[in-house]
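First up is the structure itself, then whatever we jot down about it.
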Amino acid sequence: MIKLKNITKIYQMNKNDKVIALNNINLHFKEGELIVLKGSSGSGKSTILSLIAALSKPTSGEVIVDEKRISKLPDNFAALYRRENIGFVFQKYNLIPTLSVKDNIIQPLIPANPPEDELKVKLDNVMKRFSIEHKKDLIVRNLSGGEQQRVAIARAHINNPKIIIADEPTANLDEKLSLDFIKILKQLKESNKTIIVATHDPLFFDLDFVDKVIEIYNGNIVE
Amino acid sequence: MILSPEVISILILDIVFVFFALIAFYLSIRISLYWDINSTSKMQYTLEKQSSLAATIIKYIFIIKLPLFLFFIFTLDKISNVLTGAMCAAGVVDATSYGTYLFILKIINIYLFGYWLMLHYLDIKYENLPYVKLKFRFFTIAFFVFISEIILEILMFSSIDISKMVSCCGTLYSSSATSVISSIFLIPTSVLLSLFYGIFLMMICFYYLKNRYMFSIMNFLFIIVSIISLISFFGTYIYELPTHHCPFCFLQKDYYYVGYLIYTLLFIGTFYGISVGIIKQKNQYIQKKLNISLIFNLLYVILVSAYPLIYYIKNGVWL
Numbered sequence: 009m010i011k012l013k014n015i016t017k018i019y020q021m022n023k024n025d026k027v028i029a030l031n032n033i034n035l036h037f038k039e040g041e042l043i044v045l046k047g048s049s050g051s052g053k054s055t056i057l058s059l060i061a062a063l064s065k066p067t068s069g070e071v072i073v074d075e076k077r078i079s080k081l082p083d084n085f086a087a088l089y090r091r092e093n094i095g096f097v098f099q100k101y102n103l104i105p106t107l108s109v110k111d112n113i114i115q116p117l118i119p120a121n122p123p124e125d126e127l128k129v130k131l132d133n134v135m136k137r138f139s140i141e142h143k144k145d146l147i148v149r150n151l152s153g154g155e156q157q158r159v160a161i162a163r164a165h166i167n168n169p170k171i172i173i174a175d176e177p178t179a180n181l182d183e184k185l186s187l188d189f190i191k192i193l194k195q196l197k198e199s200n201k202t203i204i205v206a207t208h209d210p211l212f213f214d215l216d217f218v219d220k221v222i223e224i225y226n227g228n229i230v231e
Numbered sequence: 064m065i066l067s068p069e070v071i072s073i074l075i076l077d078i079v080f081v082f083f084a085l086i087a088f089y090l091s092i093r094i095s096l097y098w099d100i101n102s103t104s105k106m107q108y109t110l111e112k113q114s115s116l117a118a119t120i121i122k123y124i125f126i127i128k129l130p131l132f133l134f135f136i137f138t139l140d141k142i143s144n145v146l147t148g149a150m151c152a153a154g155v156v157d158a159t160s161y162g163t164y165l166f167i168l169k170i171i172n173i174y175l176f177g178y179w180l181m182l183h184y185l186d187i188k189y190e191n192l193p194y195v196k197l198k199f200r201f202f203t204i205a206f207f208v209f210i211s212e213i214i215l216e217i218l219m220f221s222s223i224d225i226s227k228m229v230s231c232c233g234t235l236y237s238s239s240a241t242s243v244i245s246s247i248f249l250i251p252t253s254v255l256l257s258l259f260y261g262i263f264l265m266m267i268c269f270y271y272l273k274n275r276y277m278f279s280i281m282n283f284l285f286i287i288v289s290i291i292s293l294i295s296f297f298g299t300y301i302y303e304l305p306t307h308h309c310p311f312c313f314l315q316k317d318y319y320y321v322g323y324l325i326y327t328l329l330f331i332g333t334f335y336g337i338s339v340g341i342i343k344q345k346n347q348y349i350q351k352k353l354n355i356s357l358i359f360n361l362l363y364v365i366l367v368s369a370y371p372l373i374y375y376i377k378n379g380v381w382l
């Protein structure tokens, strides 16, 4: 389903200073798999996520998702691809702090402008699934870290994307909340979502439902 | 050199345009030479970013340049107040040897810029950007025409001598003039009007027959005949003066700036009309352009025809 072929990503800081974030890597993920990318900060995990999500383009090589050459998409098509296929969960949740829970969750649907009743059904379903319906009218900045993370997951899920990308999702959570998050991931995997998590949280490494743990070091895959 | 606020604005914009157009020109050459959409090399990814940058630069230059043509005419009209003998933009155009060429080049460029923009919007509609090479090659050629226009513009404004007397439009657009313009008046009105309405009717026929190539050719002929008939016949009814043939005076306040509407309708109508013969697209897309062209051309015909009709209804005679 997801193929990264001969991917190199170089961040050119200035003429003489460059960072090789990924060095000619090849990866292949199947549909419905839960993949954990592990590695220290700066190893290249988030770069892989951003390439799969078409948030950035490689320096060379290509990313293919469902036979589509994602890395070759022009920006307007890349945005459409993200909207239809990708759900994001970020380390710092990236919610809009002044909006309510429900207003945050519906953000990915706004560009498509669905009918009011369809939007309500989707919103109710997703809030129920992640147990936050009782908080729907609260402003998100007043929620706890765990609750904010649930809102972020609900937002990532509302478009029913095929792929969920989570970048250090438990970095701001304590162990109990991290385990809650892992339970949610398990549920999502059971609904056949392809999930890619970039983390250095050891809680993820020995989970029985994780299909692959890939270690990245200095832009290379550790075999 | 004449330096009114309008001229200064145009010259500053010209400098800005040249700076950005040079960047776009350099990138266009690279893209024209090395673009390969199937490649996953470092160079191709760099070119993809550069094409996005160059296309954005060109797009904004051209989008600004299109309405700037109307501002250019407005500027010429305003300058005419300080030139002895000039009554409207026509006197300013004729004040230097560059004016006429600049004016013709500006009209050609309106179409060139418009077609580039059309090509660009077609290109970005598809994931594989099928017209990238074509649009940047097109720009590398259009760049020289664009630069020529700017050079002529600077030369024209710098050569205007306000102490020199210039001809007024009454002299320039008269049958006794010695220029090529006077030959317009040799065509009998009946022939000219037959051509004008005949071409328009044929345009309608080809619209219903869905023959886009003939529709395009008719539009090309229509703009030529329209301008000639506007100078020779319709303009006189706008002025209600049989001897006044100026294609600029009706851009002035005295005539409620109707010239801007007349030229805008004509240029939009013929622009889309000509385009259907050039572009290869789905029928739905072509049909949309055919519709736009026909509506604008029809409005143009109604507008210019209304003047003689109203004159006849009011006075019971033709001019």
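Keeping their order, the protein sequence lines are chains A and B.
Using our numbering, the first residue of the first sequence is number 9, and each one after it goes up by one.
Using our numbering, the first residue of the second sequence is number 64, and each one after it goes up by one.
Built from N, CA and C at the ideal position, the CB exists for glycine as well.
Beta carbon proximity, residue i to chain A, threshold 8 Å
i: residue 192 of chain B; result: yes
i: residue 223 of chain B; result: no
i: residue 108 of chain B; result: yes
i: residue 198 of chain B; result: no
i: residue 121 of chain B; result: no
i: residue 103 of chain B; result: yes
i: residue 126 of chain B; result: no
i: residue 91 of chain B; result: no
i: residue 294 of chain B; result: no
Neighbour-count burial assignment, residue i, 16 or more Cβ in a 10 Å radius
i: residue 114 of chain B; result: buried
i: residue 46 of chain A; result: buried
i: residue 118 of chain A; result: exposed
i: residue 352 of chain B; result: buried
i: residue 295 of chain A; result: Outside the shown range of chain A, which is 9 to 231, sits residue 295 of chain A, and nothing can be said about it.
i: residue 266 of chain B; result: buried
i: residue 369 of chain B; result: exposed
i: residue 346 of chain B; result: exposed
i: residue 227 of chain B; result: exposed
i: residue 70 of chain A; result: buried
i: residue 179 of chain A; result: exposed
i: residue 309 of chain B; result: buried
Neighbour flag for residue i against chain B, beta carbons, 8 Å
i: residue 202 of chain A; result: no
i: residue 11 of chain A; result: no
i: residue 58 of chain A; result: no
i: residue 75 of chain A; result: no
i: residue 81 of chain A; result: yes
i: residue 92 of chain A; result: no
Simplified DSSP state of residue i, which is helix, strand or coil
i: residue 319 of chain B; result: coil
i: residue 132 of chain A; result: helix
i: residue 380 of chain B; result: coil
i: residue 311 of chain B; result: coil
i: residue 29 of chain A; result: strand
i: residue 222 of chain A; result: strand
i: residue 187 of chain A; result: helix
i: residue 189 of chain B; result: coil
i: residue 71 of chain A; result: strand
i: residue 230 of chain A; result: strand
i: residue 102 of chain B; result: coil
i: residue 300 of chain B; result: helix
i: residue 179 of chain A; result: coil
i: residue 19 of chain A; result: strand
i: residue 183 of chain B; result: helix
i: residue 137 of chain B; result: helix
i: residue 73 of chain B; result: helix
i: residue 292 of chain B; result: helix
i: residue 207 of chain B; result: helix
i: residue 106 of chain A; result: coil
i: residue 95 of chain A; result: strand
i: residue 234 of chain B; result: helix
i: residue 333 of chain B; result: helix
i: residue 44 of chain A; result: strand
Proximal residues to residue i (C-beta, below 7 Å), its chain only, five neighbours per side dropped
i: residue 231 of chain B; result: 148, 149, 150 and 154
Chain-order list of residues whose beta-carbon lies under 6 Å from that of residue i (same chain, five-residue window excluded)
i: residue 141 of chain A; result: 135
i: residue 180 of chain B; result: 125
Cut-off 8 Å between Cβ atoms - residues of its own chain near residue i, not counting five sequence neighbours on either side
i: residue 141 of chain B; result: 67 and 69
i: residue 325 of chain B; result: 293, 313, 363, 366 and 367
Please confirm if the segment 102–109 of chain A is in contact with the segment 139–157 of chain A, defined as three or more CB-CB distances below 8 Å between the two stretches.
-> Of all C-beta pairs linking the segment 102–109 of chain A to the segment 139–157 of chain A, three or more are shorter than 8 Å, placing the two stretches in contact.
Are the segment 104–111 of chain B and the segment 65–80 of chain A touching by the rule of at least three beta carbon pairs closer than 8 Å?
-> Below 8 Å, enough C-beta pairs join the segment 104–111 of chain B and the segment 65–80 of chain A to call them touching: three or more.
Do three or more CB pairs link the segment 80–96 of chain B to the segment 241–261 of chain B at distances below 8 Å?
-> With contact defined as three or more Cβ pairs closer than 8 Å, the segment 80–96 of chain B and the segment 241–261 of chain B are not in contact.
Please determine if the segment 156–169 of chain B and the segment 216–227 of chain B are in contact, where contact requires at least 3 C-beta pairs separated by less than 8 Å.
-> Contact check between the segment 156–169 of chain B and the segment 216–227 of chain B: three or more CB pairs, one atom from each, fall below 8 Å, which counts as touching.
Are the segment 198–211 of chain B and the segment 356–369 of chain B touching by the rule of at least three beta carbon pairs closer than 8 Å?
-> Remark: fewer than three beta-carbon pairs, one from each stretch, lie closer than 8 Å, so the segment 198–211 of chain B and the segment 356–369 of chain B are not flagged as touching.
Counting Cβ pairs, one atom from each stretch, are 3 or more of them under 8 Å apart for the segment 339–352 of chain B and the segment 273–287 of chain B?
-> At 8 Å Cβ cutoff, the stretches touch.
Cβ contact (3+ pairs, closer than 8 Å) linking the segment 109–123 of chain A and the segment 183–192 of chain A | The segment 109–123 of chain A and the segment 183–192 of chain A do not touch, with fewer than 3 CB-CB distances between them shorter than 8 Å.
The segment 25–44 of chain A in contact with the segment 193–208 of chain A per 3-pair CB rule at 8 Å = A contact between stretches requires three or more CB pairs, one per stretch, nearer than 8 Å, and the segment 25–44 of chain A meets this requirement with the segment 193–208 of chain A.
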